[in-house]
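Read through the structure below, which is laid out as structure tokens, and then see the notes.
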Amino acid sequence: MSNSPSSTSTTYAVVSGTLIVTLFAYIWQKQRTSKAPLPPSLPSEWLVGHLRSMPPGSDHTYFAKLGKDLHSDIISFTIMGQTTVVLNSAAAANDLLEKRSSIYSDRPSIMFITDEWLVDWRKAVSMCPYGPRHRNYRKMMNKFVSKSAAAVYHPYQEAEVHAFLKRLLVSTEKLEDDFRQVAGAIIMRATYGYRVQRADDPFVILAATTNANLMRAGLQSNSLVNVIPGLKYIPPWLPGAQWKRDALEWRGQKEIMVNETFNWTKRQVREGKAESSIVQTLLEGIPESGMSVEDAEDHIKHIAGTMFPAGSETTVASFMIFVLAMTLYPEVQRKGQDEIDRVIGPDRLPTMTDQDSLPYVNAIIQEIVRWQPVTPLGMPHRTTQDDVYKGYLIPKGATVLGNVWAITRDPDIYPEPETFNPDRFYQTSTPPAPGFGWGRRICPGQHIAEASLFIAVASMLAVFNIEKARDEHGNEIIPTTRAKESSLVYHPAPFKCDVKPRSAQHSSLVSALNT
Numbered sequence: 147m148s149n150s151p152s153s154t155s156t157t158y159a160v161v162s163g164t165l166i167v168t169l170f171a172y173i174w175q176k177q178r179t180s181k182a183p184l185p186p187s188l189p190s191e192w193l194v195g196h197l198r199s200m201p202p203g204s205d206h207t208y209f210a211k212l213g214k215d216l217h218s219d220i221i222s223f224t225i226m227g228q229t230t231v232v233l234n235s236a237a238a239a240n241d242l243l244e245k246r247s248s249i250y251s252d253r254p255s256i257m258f259i260t261d262e263w264l265v266d267w268r269k270a271v272s273m274c275p276y277g278p279r280h281r282n283y284r285k286m287m288n289k290f291v292s293k294s295a296a297a298v299y300h301p302y303q304e305a306e307v308h309a310f311l312k313r314l315l316v317s318t319e320k321l322e323d324d325f326r327q328v329a330g331a332i333i334m335r336a337t338y339g340y341r342v343q344r345a346d347d348p349f350v351i352l353a354a355t356t357n358a359n360l361m362r363a364g365l366q367s368n369s370l371v372n373v374i375p376g377l378k379y380i381p382p383w384l385p386g387a388q389w390k391r392d393a394l395e396w397r398g399q400k401e402i403m404v405n406e407t408f409n410w411t412k413r414q415v416r417e418g419k420a421e422s423s424i425v426q427t428l429l430e431g432i433p434e435s436g437m438s439v440e441d442a443e444d445h446i447k448h449i450a451g452t453m454f455p456a457g458s459e460t461t462v463a464s465f466m467i468f469v470l471a472m473t474l475y476p477e478v479q480r481k482g483q484d485e486i487d488r489v490i491g492p493d494r495l496p497t498m499t500d501q502d503s504l505p506y507v508n509a510i511i512q513e514i515v516r517w518q519p520v521t522p523l524g525m526p527h528r529t530t531q532d533d534v535y536k537g538y539l540i541p542k543g544a545t546v547l548g549n550v551w552a553i554t555r556d557p558d559i560y561p562e563p564e565t566f567n568p569d570r571f572y573q574t575s576t577p578p579a580p581g582f583g584w585g586r587r588i589c590p591g592q593h594i595a596e597a598s599l600f601i602a603v604a605s606m607l608a609v610f611n612i613e614k615a616r617d618e619h620g621n622e623i624i625p626t627t628r629a630k631e632s633s634l635v636y637h638p639a640p641f642k643c644d645v646k647p648r649s650a651q652h653s654s655l656v657s658a659l660n661t
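This note's numbering puts the sequence shown at residues 147 to 661.
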């Protein structure tokens, strides 16, 4: 399609109008009458604020360093009138996101992700504003998010991990793909009652693709439309509008993922063939929900659609962090194996009923969550009214980020924080890392995710050794902890390792599993 003068004029008008509105927002921000200043920040520039000082990626490390440079655990930056506050300490995050959660539980609108003209995740549980819809979500999710309610899915988790172990006996060449299959299979079965049979299952691939797009789009610095909202109206065919074409493609993929998986379970329920699952339970509870069928189904499909991509990708990242840690810290691996051998013995695999009897394995899991947090900046919060903390103004509508990475690097709480050391959590009162968020926006799938991580970690420790790979000269290859790419979810960069059965007896134990 050619560029007509009228379409070009319209584009210029949209951008110019947006800049004018932004200018007035900036002036209003500057003219606020408040005795309290904003939290410490770098010097800002007229109109654009701190836009040009923001890094292209790794925001969490930048914010942590900036906090140290400014000698403050709470910092701020403003871009075109929009203030963001970063909390770099556990004390600040707990004081605000937990103790004052009534005014810190809203979500900011990250334009690229949530706007209906773009990727449109505005109805996702983790993205929607704190209001009637989110309260409906929490009421509906209470049926399956508690630790006791989540126990109904333990048999699914154990079965899928056992199938994963058998695949490892055949080949460990595509370890991350195998992890993605088991994570996706657990989420699919618990959420939809759908059994994943192979690594290239179309639902698993669709979820992984959708979530990868979501993670890329979510970075504050990823797209200019996040700071100039009027750009969302730019036609996708314009030169330079690849980002808009991406958004529309990603929205289409998201809609397919949300609807097709939900409709599959709905058909199973209608035909009387549904396995126990989150969607099945919620569908059968519609008559008692007080909602119309159409409204209830819309809530259910977005509850489920949120859990599938986000839950699978963060679980895969946690699995890979475990393998990386065992590769780099073989002494930790041996201690975990010794505990399992002593408590479980050689004749069976660990189950969820063994969790309380394996404190060191639990400590390993807590250290996985702390050592390389999979969501280094957590999920953004938004204030619903002005607040003052430590003499600083946190204005209404500010985006508030809990810097999980900075919190887990506090040497006063976690000595030698770069070292993977489960002893810090073994029979101690050391507080766990806030890997699942805070307050009323804590991850609803926390207990399902923790159970998946426990059964996978305990089972791998029980029957496999994870060792450093060697090059053609026989020298050990030492992996690094750098991230795979700039994203909201931390993934270790690709690394090599050797995963082998601990013995012929352990290999036979896995081979005999009924999956």
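We treat Cβ as the ideally placed atom computed from N, Cα and C, and that holds for glycine.
Each of 328, 418, 223, 374 was checked against the Cα of residue 545, and the nearest Cα belongs to 223. In terms of Cβ geometry, residue 521 and residue 550 form a close pair [threshold 8 Å].
One thing to note: residue 252 has its Cβ within 8 Å of the Cβ of residue 275. DSSP, read as helix, strand or coil, puts residue 527 in strand. When DSSP states are grouped into helix, strand and coil, residue 563 belongs to the coil group.
Rounded to whole angstroms, residue 553 and residue 273 show a C-alpha spacing of 23 Å.
Each residue's CA atom was taken as its position, placing residue 291 and residue 616 some 43 Å apart.
For residue 313, the three-state secondary structure derived from DSSP is helix. Just so you know, the alpha carbons of residue 386 and residue 343 end up roughly 41 Å apart.
Put simply, of 295, 256, 210 the residue whose alpha carbon is nearest the alpha carbon of residue 363 is 256. Exclusion of the five residues before and after residue 468 leaves 514, 603 as the residues of its chain whose Cβ lies within less than 6 Å of its Cβ.
Annotation for residue 324: the continuous alpha helix (DSSP H) segment containing it runs 321-338. The C-beta distance from residue 658 to residue 486 rounds to 18 Å, too long to meet the 8 Å contact threshold. Positions of the alpha helix (DSSP H) runs, each at least 4 residues long and wholly inside the stretch 402-437, are given as 424-430 in order along the chain. With contacts defined as CB atoms closer than 8 Å, residue 541 and residue 230 fail to qualify as a contacting pair. In chain order, 196, 221, 222, 223 place their CB closer than 7 Å to the CB of residue 187, counting only its own chain and leaving out the 5 sequence neighbours on each side. In this structure, the CA atom of residue 582 is about 43 Å from the CA atom of residue 619.
Counted as a single uninterrupted DSSP element, the stretch harbouring residue 501 is not any alpha helix (DSSP H), since DSSP gives it neither H nor E.
CA-to-CA, the gap between residue 369 and residue 263 works out to about 14 Å. Cβ-Cβ distances below 7 Å link residue 587 to 251, 525, 527 in the same chain, with the five nearest sequence neighbours on each side left out; the list follows chain order. About 13 Å separates the beta carbons of residue 471 and residue 636, which is beyond the 8 Å limit, so they are not a contact pair. In this structure, DSSP gives residue 588 a state outside helix and strand, which the three-state scheme calls coil.
The DSSP-derived three-state label of residue 194 is coil. Three or more beta-carbon pairs drawn from the stretch 344-354 and the stretch 389-406 are found closer than 8 Å, and the two stretches are therefore classed as touching. The continuous alpha helix (DSSP H) containing residue 483 extends over residues 476-489. Using a C-beta cut-off of 8 Å, the stretch 434-442 makes no contact with the stretch 388-400, since fewer than three inter-stretch Cβ pairs fall below that distance.
In the assembly as shown, residue 210 is a buried residue. Its beta-carbon has 16 or more other beta-carbons within 10 Å. The beta-carbon separation of residue 496 and residue 548, rounded to 33 Å, does not stay under the 8 Å limit for a contact.
As summarised for the stretch 214-265, the continuous beta strand (DSSP E) elements at least 3 residues long and confined to that stretch are 220-225, 228-233, given in chain order. By the neighbour-count criterion, in which 16 or more other beta carbons inside 10 Å mark a residue as buried, residue 639 falls on the exposed side.
In this structure, residue 623 sits near residue 614, with a CB-CB distance shorter than 8 Å. By DSSP's assignment, residue 548 forms a beta bridge with 233. If you look at residue 647, you'll find it in the beta strand (DSSP E) that goes 643-647. According to the DSSP assignment, residue 656 belongs to the alpha helix (DSSP H) that extends over 650-657. Excluding the 5 residues flanking it on each side, residue 628 has same chain C-beta neighbours closer than 7 Å at 639, in chain order.
The DSSP-derived three-state label of residue 611 is strand.
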